[in-house]
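Quick note: the sequence shown uses our numbering, first residue 1, plus one each step. Virtual Cβ for every residue (Gly too), placed ideally from N, Cα, C.
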Amino acid sequence: MALDLVTIPCLTDNYAYLVHNAATGETALVDVPEAAPILAALQTRNWALHHILITHHHDDHIQGTAEIVAATGAKVTGARADAHRLPPLDHAVGEGDTVVIGGEACHILDVSGHSMGHIAFHFPASDLVFTADSLMALGCGRLFEGTPDVAYASLMKLAALPGDPWVCSGHEYTAGNARFAATLEAANPALISRIEGITAMRAKGLPTVPSRLSDERATNPYLRAHLPALKAAVGLPNAADTAVFAEIRARKDRF
Ligand code: ZN
Ligand code: FE
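What follows is the structure, encoded as structure tokens:
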């Protein structure tokens, strides 16, 4: 039985997530932008919290951690490589580790780029991957710490995940990402129909996350730097994939 997923809007445009095993009652939280909406989501469902999974060190992903730990006693899991700038960790993990969360195997992927030490949590049995500010809906996080090479390798690792996981990312940036993607691939039918869906969801105030990895492969420009159409769109028809990715990301920074 797949884990239940709850998407929790936080702050102005952040998301936290709960995963819950209905058979065992075990619950995990991914990222802690602020405590109040997360505690409310737990109370509404009468769920206890057992695990906090942290993706990366930025304040908008960790700043409610102490309050949630104090309220619930949940144990904190985060990147060993980033332990010096994360809340105190009960479990330090890194690339290739497997932990058991909610009775399910959770694979740890290093997805550095936006920050170094950013990790993703992949639950293959439930087809969920928590990517925060690495791979985002129609986008990727700005490269604050990693080089384009590092960030592109991280995105390719996510793009190659088996099955078609739900990509649970950290922000509601999708409408802006869509406007930028349309400057590169205005004629991509998958992008055109996805943008229609995004526009409709945002008009109703609905989250555009999680998204399907197959939709990211078909429409997310940062996963498509290997394609001749994208290379041509940025005027680099013969460039290496990584150079095309770097140019796409640089254009978004100026967009
Ligand atoms: Zn961040
Ligand atoms: Fe963030």
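| task | Tell me, to the nearest whole angstrom, how far the beta carbon of Ala-16 is from that of Asp-4; I am working on the premise that it is less than 8 Å. | result | Contact flag wrong, Cβ pair sits at about 15 Å.
| message | Are the CB atoms of Thr-208 and Thr-275 within a distance shorter than 7 Å? | response | This structure gives no information on residue 275, because the portion of the chain shown stretches from 1 to 255.
| Near His-107, which residues of its chain fall below 6 Å by C-beta distance, leaving aside the five closest residues on each side in sequence? | Thr-98, His-122
| task | Work out the CA separation of Leu-86 and Ala-250 for me, nearest whole Å. | result | 28 Å
| message | Given this structure, state the Cα-to-Cα distance separating Pro-33 from Gly-25, to the nearest angstrom. | response | Their Cα atoms are separated by approximately 24 Å.
| Minimum C-alpha distance to Val-129 - residue among Ser-169, Glu-104, Thr-147, Ala-28 | Ser-169
| message | At the level of alpha carbons, what is the spacing between Gly-141 and Val-167? | response | 14 Å
| field | DSSP-derived helix/strand/coil call for Gly-176 | value | helix
| Does any heavy atom of the ligand ZN sit closer than 6 Å to the C-beta of Asp-59? | Answer for Asp-59: no, Cβ out of range of the ligand ZN.
| Inter-residue CB distance, Val-93 and Thr-77 (contact presumed, cutoff 8 Å) | Going by Cβ atoms, the distance from Val-93 to Thr-77 rounds to 6 Å, so yes, they are a contact pair.
| query | Is there contact between the region 130-149 and the region 45-56, where contact requires at least three CB pairs shorter than 8 Å? | reply | Taking 8 Å as the limit for Cβ pairs, the verdict is that the region 45-56 does touch the region 130-149.
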